[in-house]
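Asker: Quick one: the structure is below, and I'll ask about it shortly.
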Amino acid sequence: MKLTEGTFEIVSETERLIIRPLQKADYENWLNEFENRYPSQYRYDKGKIDKSECTQEWFHNLVEKQQKLALTDTAHVFGVFRKEDGRHLDMVDFSTLARDDFQWGRIGYTIHNQYWRKGYGKEAVEEAFNVAFNHLKFHRIEAHINVDNSASFILAESVGMKYECTRKEFIFEFGEWTDNLIYYKNSIE
Numbered sequence: 001m002k003l004t005e006g007t008f009e010i011v012s013e014t015e016r017l018i019i020r021p022l023q024k025a026d027y028e029n030w031l032n033e034f035e036n037r038y039p040s041q042y043r044y045d046k047g048k049i050d051k052s053e054c055t056q057e058w059f060h061n062l063v064e065k066q067q068k069l070a071l072t073d074t075a076h077v078f079g080v081f082r083k084e085d086g087r088h089l090d091m092v093d094f095s096t097l098a099r100d101d102f103q104w105g106r107i108g109y110t111i112h113n114q115y116w117r118k119g120y121g122k123e124a125v126e127e128a129f130n131v132a133f134n135h136l137k138f139h140r141i142e143a144h145i146n147v148d149n150s151a152s153f154i155l156a157e158s159v160g161m162k163y164e165c166t167r168k169e170f171i172f173e174f175g176e177w178t179d180n181l182i183y184y185k186n187s188i189e
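Mapping to UniProt numbering: the sequence shown position 113 is 113, numbers consecutive.
Here it is, written out as structure tokens:
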């Protein structure tokens with residue numbers, strides 16, 4: 001972990017991946033990988049997304065916003081990059097739910113659909129837990145997953161997360177209150 005001149009930077013590596021906050025220099029790589037997405041493969045895959053409003057200035061503001069969120073421990077957003085060629089594979093993020101006696105956070109993860117079925121999601125999430133427990137000092141991490149998002153809960157189970165419960169009408173999306181499966185992992189497991 002590195003704190004320099006008002007920035008928050010954690011860089012973590014696996015055999016194939018680098019996980020780190022986005023930097024302003026990532027703009028072209030970031031935009032290119034969104035533009036190369038395949039059409040949507042299922043409900044929770046946005047597929048190709050119109051990024052025409054995502055100018056370089058817009059992206060620089062996004063990077064600055066993510067830095068501010070990290071510095072205030074509100075959220076920590078990490079780009080996932082492939083070591084062999086530096087391509088942006090997408091992201092993992094942590095939102096702080098409570099600190100003090102809880103040290104509790106929520107994880108989110110996505111991989112661009114052109115990189116699916118290569119193990120990048122599992123590898124990124126496993127390393128993200130290392131970051132969450134050893135650098136961000138969370139004790140408990142939850143994933144909040146739509147009940148019909150089997151790809152997400154299969155990934156959660158593959159990295160050792162355990163099903164805890166179903167929270168009824170937990171989040172407002174798709175124009176209605178929807179249920180979420182709650183998976184968790186603790187730092188001492």
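Cβ coordinates follow ideal geometry from the N, Cα and C atoms, glycine included.
Rounded to the nearest angstrom, what separates G86 and F34 at their Cα positions?
Answerer: Stepping through the sequence shown from its first residue, residue 86 is reached at position 86. Stepping through the sequence shown from its first residue, residue 34 is reached at position 34. Looking at the two C-alpha atoms, the distance is approximately 15 Å.
Asker: Any chance you could list the alpha helix (DSSP H) runs of at least 4 consecutive residues sitting entirely within the segment 13-101, in chain order?
Answerer: Complete alpha helix (DSSP H) runs here, min 4: 27-35 and 56-71.
Asker: Using 9 Å as the threshold, is the C-beta distance between I111 and V131 below it?
Answerer: Residue 111 sits at position 111 when you count from the first residue of the sequence shown. Residue 131 sits at position 131 when you count from the first residue of the sequence shown. Contact: no.
Asker: Should K162 go down as buried or exposed, given a rule of 16 or more other Cβ atoms within 10 Å for buried?
Answerer: In the sequence shown, residue 162 corresponds to position 162, counting from 1. Exposed.
Asker: Between the alpha carbons of R96 and N36, how many angstroms are there, rounded?
Answerer: Within the sequence shown, numbered from 1, the residue matching residue 96 stands at position 96. Within the sequence shown, numbered from 1, the residue matching residue 36 stands at position 36. This sequence places Thr at residue 96; Arg is not what is there. Answer to the nearest angstrom: the Cα atoms are 31 Å apart.
Asker: Could you tell me the boundaries of the alpha helix (DSSP H) in which N134 lies?
Answerer: The residue labelled residue 134 in the question sits at position 134 within the sequence shown. Unbroken alpha helix (DSSP H) run through N134: Y120 to N134.
Asker: For S187, which of Y27, A128 and T55 has the nearest alpha-carbon?
Answerer: In the sequence shown, the residue the question calls residue 187 occupies position 187. Among Y27, A128 and T55, the Cα nearest to that of S187 is on A128.
Asker: Tell me whether the beta-carbon of Y184 lies closer than 9 Å to the beta-carbon of E126.
Answerer: For the purposes of this step, residue 184 is taken as residue 184 along the sequence shown, with counting starting at 1. For the purposes of this step, residue 126 is taken as residue 126 along the sequence shown, with counting starting at 1. Cβ distance not < 9 Å, so Y184 and E126 don't count as in contact.
Asker: Does the segment 20-34 come close enough to the segment 46-65 to have 3 or more Cβ pairs within less than 8 Å?
Answerer: Enough Cβ pairs lie closer than 8 Å, so yes.
Asker: By Cβ distance, which residues of its chain are closer than 7 Å to M1, with the 5 residues on each side in sequence left out?
Answerer: To locate residue 1, count along the sequence shown from 1; it is residue 1. Note that M1 scores 44 on pLDDT, short of 50, meaning its location in the model is unreliable and no value can be drawn from it.
Asker: Please list, in chain order, all residues of the same chain as G105 whose beta carbon is under 8 Å from its beta carbon, the five residues on each side excluded.
Answerer: As a position in the sequence shown, residue 105 is number 105, starting the count at 1. The answer, listed in chain order, is F94, S95, T96, L97, A132, L136, F138, R140, I141 and E142.
Asker: Any contact between the segment 13-24 and the segment 58-66? By contact I mean 3 or more CB pairs, one from each, below 8 Å.
Answerer: Contact between the segment 13-24 and the segment 58-66 is present, because at least three Cβ pairs lie under 8 Å.
Asker: Please state whether DSSP places F8 in a helix, a strand or coil.
Answerer: The sequence position of residue 8 within the sequence shown is 8, counting from 1. Looking at F8 - three-state DSSP - the assignment turns out to be strand.
Asker: Would E15 and E169 qualify as a contact pair, given that the criterion is a beta-carbon distance under 9 Å?
Answerer: On the sequence shown, position 15 is the one that residue 15 refers to. On the sequence shown, position 169 is the one that residue 169 refers to. Their beta carbons are not under 9 Å apart, which means E15 does not touch E169 by this criterion.
Asker: Which two residues bound the contiguous beta strand (DSSP E) that contains I171?
Answerer: Within the sequence shown, the letter at position 171 stands for residue 171. Element bounds for I171: K162 to E173.
Asker: For the alpha helix (DSSP H) holding M154, just list the boundary residues, first then last.
Answerer: The count along the sequence shown starts at 1 and reaches residue 154 at position 154. Per the sequence shown, the amino acid found at residue 154 is Ile instead of Met. Segment S150 to S158, the alpha helix (DSSP H) holding I154.
Asker: Could you compute how far the alpha carbon of residue 213 sits from the alpha carbon of E84?
Answerer: Outside the shown range of the chain (1 to 189) lies residue 213, about which nothing can therefore be said.
Asker: Are the CB atoms of L155 and G121 nearer to each other than 9 Å?
Answerer: Locating residue 155 in the sequence shown gives position 155, where the first residue counts as 1. Locating residue 121 in the sequence shown gives position 121, where the first residue counts as 1. Result yes, Cβ atoms of L155 and G121 sit closer than 9 Å.
Asker: Between which two residues does the beta strand (DSSP E) holding N186 run?
Answerer: Along the sequence shown, one-based indexing puts residue 186 at 186. Element bounds for N186: E176 to N186.
Asker: Assuming contact is defined by CB atoms lying nearer than 9 Å, are N113 and D45 in contact in what I supplied?
Answerer: Walking along the sequence shown from the start, residue 113 turns up at place 113. Walking along the sequence shown from the start, residue 45 turns up at place 45. Cβ atoms of N113 and D45: closer than 9 Å.
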